[in-house]
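A.B. asks:
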Amino acid sequence: MRDGIDRLLDIQEAIKEIERYAVRGRDAFLQDELVQVWMVHHLRIIGEAAARLPPDLRSASPGVPWKQVIGLRNVLVHAYFRVDPEEVWAVVNRDIPALREEVAMLLSLLGGTDGAGQPTIPS
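So for the sequence shown, our numbering puts the first residue at 3; every next one is plus one.
Below, the structure written as structure tokens:
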């Protein structure tokens, strides 16, 4: 069974995949449906992994609105045809950088990564 560190690493990897295309900017995002689908897919991964984080781990990072992270996943999965690309971009631009920092901090505290964000084996 996967533990909290594994789930945080899943979130971290999904963030890296989102940021890989986010650097192209809003206009490029809005003009490329494949990039939109790519980012939505990874936002769903983030929400799914967040939903499976142990409650004590979520409470260790009160700055992250975990309910909203999980709720976004539910909207992206169950109300897909109502998803607004502008709203997806707003989440990517506004929320992903802060989530990246929080996840890195949690992983560092748990021994899940080194200082450069590379996964390590906890002792």
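Backbone N, C-alpha and C define an ideal beta-carbon position, used for all residues, glycine too.
Treat the numbers as computed from the prediction; the structure is a model and nothing was measured.
For ASP8 versus ILE47, is the C-beta distance shorter than 8 angstroms?
C.D. replies: As a first step, residue 8 must be located in the sequence shown, where it is residue number 6. As a first step, residue 47 must be located in the sequence shown, where it is residue number 45. No, Cβ-Cβ distance for ASP8 and ILE47 is not below 8 angstroms.
A.B. asks: Which ranges does the alpha helix (DSSP H) cover as unbroken runs of at least 4 residues, wholly within the segment 21-52, from first to last along the chain?
C.D. replies: Whole alpha helix (DSSP H) segments, 4+ residues: 28-33.
A.B. asks: Can you tell which of SER61, GLY27, ASN76 has the C-alpha that lies nearest to the C-alpha of LEU108?
C.D. replies: What you label residue 108 is simply residue 106 of the sequence shown in a count that begins at 1. That would be SER61, whose Cα lies nearest to the Cα of LEU108.
A.B. asks: Would you kindly work out how many angstroms separate the C-alpha atoms of HIS44 and GLN70, rounded to a whole number?
C.D. replies: As a working note, residue 44 is residue 42 in the sequence shown. As a working note, residue 70 is residue 68 in the sequence shown. Approximately 15 angstroms, taken between the alpha carbons.
A.B. asks: I believe ALA92 touches ARG75 by the beta-carbon criterion, under 8 angstroms. Please report the beta-carbon distance rounded to the nearest angstrom.
C.D. replies: Locating residue 92 in the sequence shown gives position 90, counting from the first residue. Locating residue 75 in the sequence shown gives position 73, counting from the first residue. The Cβ separation is near 16 angstroms, so there is no contact.
A.B. asks: Contact defined as beta carbons within less than 8 angstroms: I believe GLU104 pairs with VAL66. What is the distance between those atoms, to the nearest angstrom?
C.D. replies: Position 102 of the sequence shown, counted from the first residue, corresponds to residue 104. Position 64 of the sequence shown, counted from the first residue, corresponds to residue 66. Going by Cβ atoms, the distance from GLU104 to VAL66 rounds to 5 angstroms, so yes, they are a contact pair.
A.B. asks: Between the Cα of LEU128 and the Cα atoms of GLU88, ASP97, VAL42, which residue gives the shortest distance?
C.D. replies: Residue 128 cannot be examined here, being either before or after the span of the chain that is shown, 3 to 125.
A.B. asks: Would you mind reading off the limits of the alpha helix (DSSP H) that contains ASP150?
C.D. replies: With the chain represented from 3 up to 125, any question about residue 150 goes unanswered, as that position is not in the structure.
A.B. asks: Between which two residues does the alpha helix (DSSP H) holding VAL105 run?
C.D. replies: By one-based count along the sequence shown, residue 105 stands at place 103. Its alpha helix (DSSP H) spans residues 98-112.
A.B. asks: Can you tell which of MET41, GLN14, TRP68, GLY6 has its C-alpha closest to the C-alpha of VAL85?
C.D. replies: The sequence position of residue 85 within the sequence shown is 83, counting from 1. Comparing Cα-Cα distances from VAL85 to each of MET41, GLN14, TRP68, GLY6, the minimum goes to MET41.
A.B. asks: Using the beta-carbon count (16 or more within 10 Å), is ALA16 buried or exposed?
C.D. replies: The residue given as residue 16 occupies position 14 in the sequence shown. Buried.
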